[in-house]
Amino acid sequence: MSNVSFENIHLPAVAHFGLRHYQLRPDQCFRVADHFHLMHELMWFRETTATVAIQGRQFQLRANSLLFVPSLMVHRMDTQAVRQDFFLLQYQAALYADLNLLPQHQPMQLPLVMTLSKPDAERMDQLTSWLAEVEDGPQQLPLKQSLMRTLLLFVAQLQHQHNEANATLSADPPTLSKHNKVLPLLQRLESDLKLQVSLDDAASYCGMSRSHFSRTFKALLGQNFKDYLLKRKISAAVGLLVNSELTIAEIAYQCEFTDSAYFCAKFKQQMGQTPRQFRHGVWQANEFSVAD
1 MSNVSFENIH
11 LPAVAHFGLR
21 HYQLRPDQCF
31 RVADHFHLMH
41 ELMWFRETTA
51 TVAIQGRQFQ
61 LRANSLLFVP
71 SLMVHRMDTQ
81 AVRQDFFLLQ
91 YQAALYADLN
101 LLPQHQPMQL
111 PLVMTLSKPD
121 AERMDQLTSW
131 LAEVEDGPQQ
141 LPLKQSLMRT
151 LLLFVAQLQH
161 QHNEANATLS
171 ADPPTLSKHN
181 KVLPLLQRLE
191 SDLKLQVSLD
201 DAASYCGMSR
211 SHFSRTFKAL
221 LGQNFKDYLL
231 KRKISAAVGL
241 LVNSELTIAE
251 IAYQCEFTDS
261 AYFCAKFKQQ
271 MGQTPRQFRH
281 GVWQANEFSV
291 AD
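In structure tokens:
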């Protein structure tokens with residue numbers, strides 16, 4: 001992945017999310033090359049004309065567009081020379097525990113690009129604007145968390161509605177049924193501490209054959225089941241590299257890789273550097289932020 005970079009955004013201590021509001025003139029159009037984040041990314045566009053590509057699939061953005069990109073999912077963006085007004089929210093998966101969000105209430109590891117109806121757009125604008133206006137500090141934390149919980153519940157609801165509507169429009173009833181069977185599996189996998197699940201077990205859980213499950217899963221997530229599991233394991237490894245002092249071998253074992261050499265090879269393939277290099281870079285960045 002030498003042509004893909006990742007953004008390692010450092011949040012303040014104990015903070016699991018960051019929100020920014022951008023208002024750009026037409027001459028400030030920008031292009032963001034292929035990259036991925038260690039956090040989930042949510043963007044709410046009041047005004048824009050842009051193209052976004054997620055896992056190689058292109059989507060058009062316009063006013064009242066909502067974009068959700070799960071962690072470790074490659075994407076890029078090109079804006080046109082028009083006024084841009086948008087909110088950018090990035091958050092760690094640990095935020096779900098802070099907000100007591102059960103797996104069935106969390107946005108899933110599925111990208112979302114949709115233009116909201118007027119009532120939904122007004123609600124999204126109200127939530128993001130209010131959240132951006134709340135000042136930092138321990139006294140305001142309960143209000144911020146309440147707003148974040150409401151926002152993520154709303155996004156999960158929109159995501160579910162969008163997936164059902166798209167499946168209904170583009171598929172016959174049997175395919176829609178398969179679509180609906182895969183979504184509970186994703187919710188179960190996202191909440192399960194076990195990082196490795198066999199293709200046969202996943203297909204059996206969804207009531208499908210191996211081949212039908214594989215095709216349906218790739219159509220839904222834009223990646224095959226094996227790659228999805230690998231990203232789950234890499235994501236868990238990233239958390240341990242950043243937040244623990246475990247050795248590389250211990251992290252490989254905890255994340256269910258066969259051995260540390262295989263873990264290092266797969267980590268470099270996904271992240272563009274070895275686990276040791278990644279950890280060193282994070283520690284250096286944290287030292288610099290403290291010094292500032």
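Count the sequence shown with full-length UniProt numbering and you get residues 1 to 292, in order.
Cβ coordinates follow ideal geometry from the N, Cα and C atoms, glycine included.
Quantities reported herein were computed from a predicted structural model and do not represent experimental measurements.
- Proximity to Q145 across Q161, T128 and L158 peaks at T128, based on C-alpha coordinates.
- With a contact defined as Cβ atoms closer than 8 Å, F68 and L112 qualify at about 4 Å.
- For H40, there is no enclosing alpha helix (DSSP H); the residue is part of the beta strand (DSSP E) that begins and ends at H40 to E47.
- The residue from I234, T258, E256 and Y262 with its alpha-carbon nearest to that of F278 is I234.
- For L88, the enclosing beta strand (DSSP E) has its first and last residue at Q84 to Y91.
- Buried is the label assigned to N64, since at least 16 other Cβ atoms lie within 10 Å of its Cβ.
- For N166, the closest of Q80, R215 and A219 by C-alpha to C-alpha distance is A219.
- Inter-residue distance for A93 and E164 is about 24 Å (C-alpha atoms, whole angstroms).
- Under the three-pair Cβ rule at 8 Å, the segment 100–114 does not count as touching the segment 19–33.
- Remark: C-beta atoms of V155 and L143 do not approach each other more closely than 8 Å.
- In the structure shown, L19 adopts extended strand secondary structure according to DSSP, grouped into three states.
- Here A50 is buried, its C-beta having at least 16 other C-beta atoms within 10 Å.
- Assignment of beta-bridge partners to M208 by DSSP yields no partner.
- Rounded to the nearest whole angstrom, the CA to CA distance from F86 to S209 is 43 Å.
- The C-beta separation of L131 from L151 comes to about 7 Å, placing the pair in contact by the 8 Å criterion.
- Here D34 carries a strand assignment [DSSP, helix/strand/coil].
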